[in-house]
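Trainee: Below are the structure tokens for one structure; questions will follow.
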Amino acid sequence: MSSPPLPSPSNAIKGVFSTKCLIPVGFGHTKKNTVQNLLVYAVEQENDQISVQSLNDRFMPTGASRLITKEELLKNYLPEPDVYFSKVIPVMREVEKGVARGERHLQHKEAFSAEMEFKNVLRIDEENIRATFGLGQCYLSRGDRERGDIVFRRLVRLKGAFQPCHKHMFNEFGIALRKNKMFAQALKYYARAMPLCKSDENLMFNMSRIFHEKGRDTLALKFVIKSLELNPAMPEANQFKLYLEQKLRR
Numbered sequence: 000m001s002s003p004p005l006p007s008p009s010n011a012i013k014g015v016f017s018t019k020c021l022i023p024v025g026f027g028h029t030k031k032n033t034v035q036n037l038l039v040y041a042v043e044q045e046n047d048q049i050s051v052q053s054l055n056d057r058f059m060p061t062g063a064s065r066l067i068t069k070e071e072l073l074k075n076y077l078p079e080p081d082v083y084f085s086k087v088i089p090v091m092r093e094v095e096k097g098v099a100r101g102e103r104h105l106q107h108k109e110a111f112s113a114e115m116e117f118k119n120v121l122r123i124d125e126e127n128i129r130a131t132f133g134l135g136q137c138y139l140s141r142g143d144r145e146r147g148d149i150v151f152r153r154l155v156r157l158k159g160a161f162q163p164c165h166k167h168m169f170n171e172f173g174i175a176l177r178k179n180k181m182f183a184q185a186l187k188y189y190a191r192a193m194p195l196c197k198s199d200e201n202l203m204f205n206m207s208r209i210f211h212e213k214g215r216d217t218l219a220l221k222f223v224i225k226s227l228e229l230n231p232a233m234p235e236a237n238q239f240k241l242y243l244e245q246k247l248r249r
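Here's what the structure looks like:
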């Protein structure tokens, strides 16, 4: 799950709301609709719309968010402040602290401790993007390609994983895929990220490195040139471009 969006004004709407919805139950002639209470996490946006996310069974906002108008919120939803303060805020804090602990363990190269923290977070919020990236880094840091591939497949399906705000994470994960010689996965991964990050010189440079390691130096040169068009002062890209040009002239 991507981090829930934050409102800009201090008095903007943010909290838990409930609404009634019809849920189909049964099959065939026994099928019927039952009324259920749906809880959502709502956050007012700058454009005066409301972003809403469903809560999972641990009271964590999860899944894709959708936008509704403020009028629709006030007409069709009821505020649930008790649920927000007693359930949602504590679990969101627990998830945030767990992710932070996991990332600290990763920085200190404590992969197994980091893995435990990220797994605990994903039990609460199975779509947490930072924890998913972190878990993949744990596996790849110790050369576990099989489990790293499972996380890779999960990441490419998560819509929020390739937002610009996460680019440092997906660049690191892509580098880890390359270092583990998972070239096909790395290329697919960067291709998934490219439409959202066309102006990221690091992504272009990493693509160049992968093509080089696959023996496709002409494509490698093409992408390192793209990287330098975005950042002409990038020293690694300038050195790599010179190396590729000399190699291709031989």
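Numbering (numbering that gives the first Met the number 0), first residue to last: 0 to 249. No residue lacks a Cβ here, since even glycine has one placed at the ideal position from N, Cα and C. All figures in this text were calculated on a predicted structure; none of them were measured in a lab.
Specify whether the stretch 172 to 183 and the stretch 205 to 215 touch according to this definition: at least 3 beta carbon pairs, one from each stretch, less than 8 Å apart.
Mentor: yes
Trainee: Measuring CB to CB, does Pro89 end up less than 9 Å from Val15?
Mentor: no
Trainee: Which ranges would you report for the alpha helix (DSSP H) in the stretch 76 to 163 if only whole runs of at least 4 residues count?
Mentor: For the stretch 76 to 163, whole alpha helix (DSSP H) runs of length 4 or above, ordered along the chain, are 88 to 106, 110 to 123, 128 to 140, 144 to 156.
Trainee: What residue does the beta strand (DSSP E) around Pro60 start on, and which one ends it?
Mentor: 60 to 68
Trainee: Does the beta-carbon distance from Leu139 to Asn170 come in below 9 Å?
Mentor: no
Trainee: Please state whether the Cβ-Cβ distance between Val94 and Leu38 is less than 9 Å.
Mentor: No, the pair does not count as a contact, with Cβ atoms beyond the cut-off.
Trainee: Measure the C-alpha to C-alpha separation of Leu218 and Glu244 and round it to an integer number of angstroms.
Mentor: 12 Å
Trainee: Taking its Cβ as the centre, do 16 or more other Cβ atoms sit within 10 Å of Asn127, making it buried, or is it exposed?
Mentor: buried
Trainee: Roughly how many whole angstroms lie between the Cα atoms of Phe151 and Arg191?
Mentor: In a straight line, the C-alpha of Phe151 is about 11 Å away from that of Arg191.
Trainee: Which whole-angstrom value describes the C-beta separation of Cys253 and Pro163, a residue pair presumed to lie in contact below a C-beta threshold of 8 Å?
Mentor: The chain is shown only over 0 to 249; residue 253 falls outside these bounds and no answer can be derived.
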